[in-house]
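In order, the protein sequence lines correspond to chains A and B.
So in this note's numbering the end of the first sequence lands on 240, straight run, no missing numbers.
So in this note's numbering the end of the second sequence lands on 240, straight run, no missing numbers.
Beta carbons: idealized from backbone N, C-alpha and C, even for Gly.
2 protein chains.
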Amino acid sequence: MRDYPRQLEILINELSKLPGVGEKSAQRLAFHILDKDEKQVEALADSMLNAKRQLRHCSICGNLTDSDPCKICSDPGRRKDLICVVETPRDVMAMERIRDYNGTYHVLHGVISPMEGIGPEDINLKSLIKRLQTNDCEEVIIATNPTIQGEATAMYISKLLKPAGIKVSRIAHGVPVGSDLEFADEVTLLKSFEGRREL
Amino acid sequence: MRDYPRQLEILINELSKLPGVGEKSAQRLAFHILDKDEKQVEALADSMLNAKRQLRHCSICGNLTDSDPCKICSDPGRRKDLICVVETPRDVMAMERIRDYNGTYHVLHGVISPMEGIGPEDINLKSLIKRLQTNDCEEVIIATNPTIQGEATAMYISKLLKPAGIKVSRIAHGVPVGSDLEFADEVTLLKSFEGRREL
């Protein structure tokens with residue numbers, strides 16, 4: 042018996058399903074929500090429902106969007122023959138922050154991971170092949186994460202596309218700018234050696 | 042330009058208003074919510090709205106409840122002449138966890154804090170006086186937090202009730218059980234000296 046009223050118990054339970062939210066944090070969030078005006082709680086609840094109901098995956102690139110095709114795919118100023126392949130919509134947003142890339146994206150919504158039973162057919166790869174068959178493409182830049190699964194996925198895509206004569210590249214991995222060499226891990230240092238360029 | 046779809050921007054903005062949730066965490070939560078089924082998002086949103094709409098403050102003790110009077114106030118097994126005064130409904134739940142206290146509560150929903158412009162009339166104090174006038178009371182136990190404001194509030198209540206011949210007590214503050222004396226701060230140690238009891 043914790044003597045929570047039922048509605049509070051349900052709320053804490055739902056909140057504790059969020060990532061990084063344990064029972065204590067869920068309690069704190071729940072009491073914070075109860076302290077707000079009903080209007081503010083409605084705004085929060087509506088924002089969740091609206092986002093979930095109105096956001097779709099772009100039929101071309103798979104990115105999150107409220108219009109189809111998405112802003113980037115329908116922008117005439119962006120190069121359709123340059124495609125950057127990423128794992129998630131968050132990666133698209135990270136890439137967009139550099140404000141320098143003027144190509145388009147392709148969001149895989151995952152990576153190939155045999156351990157978890159995720160094969161090439163489980164990620165958004167078919168639509169990439171279709172895209173490449175119907176449109177001329179100069180280069181596919183693979184920007185999956187430098188994890189085992191991300192590397193395996195990059196390899197798989199590269200082997201799939203190269204026979205078709207498509208230029209496939211991988212983003213560079215190395216010591217991040219602003220960090221200290223002595224704190225870089227061995228794999229990062231190895232990558233930065235492998236990716237060295239002549240000055 | 043962050044190129045977020047509008048609904049996502051609104052969702053992230055709403056989530057970042059939660060305590061302890063910065064922009065990065067709000068983004069993470071937002072994408073997590075978008076990855077869920079619509080049913081699951083509805084359950085989360087509904088749990089907030091239901092809790093906010095159906096939970097009230099008990100008209101007797103001020104605790105959060107879905108029925109009025111609350112479970113504790115309407116329990117014939119709980120002593121109505123023993124009242125523990127706490128700051129928030131969370132404190133009631135903490136007290137209930139000891140499973141030993143069989144009196145009732147009074148929730149102030151705040152503490153007196155002249156710095157923040159919160160006076161005695163801004164907290165749930167009037168209803169405590171009314172309670173004491175209409176019912177016999179053997180003891181009022183003040184369990185506000187051991188902060189400056191909590192102590193001031195305890196003092197204020199004690200000075201208010203003592204002339205009426207009501208026994209007022211304060212919970213003990215000292216070295217917490219299971220912790221180490223050498224890590225206790227000076228104020229805690231002082232309190233533990235002041236509160237020493239003969240063995």
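Counting along the chain, the unbroken alpha helix (DSSP H) around arginine 172 (chain B) starts and ends at 167 to 175. Contact between valine 126 (chain B) and isoleucine 183 (chain B) is confirmed by a C-beta separation of about 5 Å, below the 8 Å threshold. The shortest C-alpha to C-alpha distance from threonine 175 (chain B) to any of B:Asp141, B:Asp221 and B:Ala205 is the one to B:Ala205. Put simply, the CB of alanine 184 (chain A) is far from chain B, with every gap to its CB atoms at 8 Å or more.
Exposed is the label assigned to asparagine 143 (chain B), since fewer than 16 other Cβ atoms lie within 10 Å of its Cβ. Apart from the 5 residues on each side of it in sequence, alanine 67 (chain B) sits with its Cβ closer than 6 Å to the Cβ of Ile53, Leu56 and Ser57 in its chain, given in chain order.
The C-beta of serine 57 (chain B) comes no closer than 8 Å to any C-beta of chain A. Checking the DSSP bridge columns, you'll see tyrosine 146 (chain B) partnered with B:Cys125. The distance from the Cβ of valine 181 (chain A) to that of leucine 202 (chain A) is about 6 Å, consistent with a contact at the 8 Å cut-off. Across the set A:Glu79, A:Glu157, A:Glu235 and A:Arg172, the C-alpha of A:Glu157 shows the shortest separation from the C-alpha of glutamine 190 (chain A). A contact is defined here as three or more CB-CB pairs under 8 Å, and the region 59 to 76 of chain A meets this definition with respect to the region 70 to 80 of chain B.
At a C-beta separation below 8 Å, arginine 131 (chain A) has these neighbours in chain B: Gln68 and Phe72. DSSP places histidine 73 (chain A) in the helix class (H, G or I) of the three-state scheme. Sequence-distant partners of alanine 195 (chain A) (beyond 5 residues in either direction) whose C-beta falls short of 6 Å from its own C-beta, in its chain, are Ile183, Thr185 and Arg211. Between the C-alpha atoms of glutamate 162 (chain A) and glycine 151 (chain A) there is a straight-line separation of about 11 Å.
For serine 154 (chain A), the beta-bridge partners assigned by DSSP are A:Ile159.
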